[in-house]
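Residue numbers (my numbering): 8 to 264.
Positions of the beta carbon are idealized from the N, C-alpha and C atoms, including for glycine.
See below for the structure under consideration.
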Amino acid sequence: MVEAFAVASGKGGTGKTTSTLALGMALAEDHDVTVVDADTGMANLLFHAGLDDATVTLHDLLVGEEDAAVPDAVYERFGMKVVPCGTSLAAFRAADPERLRDVVAELAADTDVLLLDSPAALGSKSAVLPIVLADRTMIVLQPTIPALSDGLKVQEYARSYGTETAGTLFNRVRDDEGVDRVAEQADRYFGGETLGVIPESDAARAARAAGEPLLAHAPDAPASQAFREAARRLDVRDGASGDVADRFRSAVVPEEI
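Spelled out as structure tokens, the structure:
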């Protein structure tokens, strides 16, 4: 089985990369999980996963002149397979986003769950492609009306390409933010359900500084427990890896954003 999820937000600062790795580690307790940093313009997952010295990254797979093979960019970390992306502006400019289709298709042949850490804004072909490729989208929000608006834009775009919403995740929540009121509106307008409410956490900041995912750095923190509960609420669907790989390879790349 294999299912690809795009983890998206519509804006920066929601803790999307922290959420991607935390959900990945939690899901890896029951599934074979591959996490891909598909934010080719503003990549930072490699710092969160202690892979800032990775010799081969997704950028190398997306540059036509490179000889790197997909397995060269896959690193076993924290019970998951992780594909980091480089931070070089020159490599970003040289990368061909359409090659992401073949990379994801090859990864799909050897995993149960693919998590695509997606760019925050839908401003370019490379930014929207992970959402187009995914089976479903998990939308990471902060509990504010503007954040809901940004997330709804992501959902609308994703649905225009047949990508449904797996659910929403409220992250970095403070006690006084009235999340119940906002979550009620989210349930009304978004597909899927509210997967979880993740409290603001000093442990998450410490984990980023240590170059570790939150669940590895502070497994018993309230935020870690909330991410595990969110992963349990996510219904991972069965799918034939060959069919999924073929769909990825034939995915339509948007010409206009």
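- A contact is defined here as three or more CB-CB pairs under 8 Å, and the segment 31 to 38 fails this definition with respect to the segment 136 to 156.
- Leu176 has its alpha-carbon roughly 18 Å from the corresponding atom of Arg212.
- For the options Pro150, Ile146, Ala173, Thr151, the alpha carbon positioned closest to that of Lys160 is the one of Ile146.
- The criterion of a C-beta distance shorter than 8 Å is not satisfied by Ser156 and Ala15.
- For Gly174, the beta-bridge partners assigned by DSSP are Met145, Glu200.
- Apart from sequence neighbours up to five positions away, the residues of its chain that approach His224 with a beta-carbon distance below 8 Å are Ala210, Ala213, Ala214, Ala217, ordered along the chain.
- Between Ala154 and the set Ala134, Ala190, Leu136, the nearest pair of CA atoms involves Ala190.
- Here Ala45 is buried: its Cβ has 16 or more other Cβ atoms, across all protein chains shown, within 10 Å.
- Here Leu123 carries a strand assignment [DSSP, helix/strand/coil].
- For the 8 Å CB-CB criterion, Ala173 and Leu241 form a contact.
- Setting aside the 5 residues that flank it on each side, Tyr164 is surrounded in the same chain by Leu129, Val135, Ile138, each with a C-beta closer than 7 Å to its C-beta; the list follows chain order.
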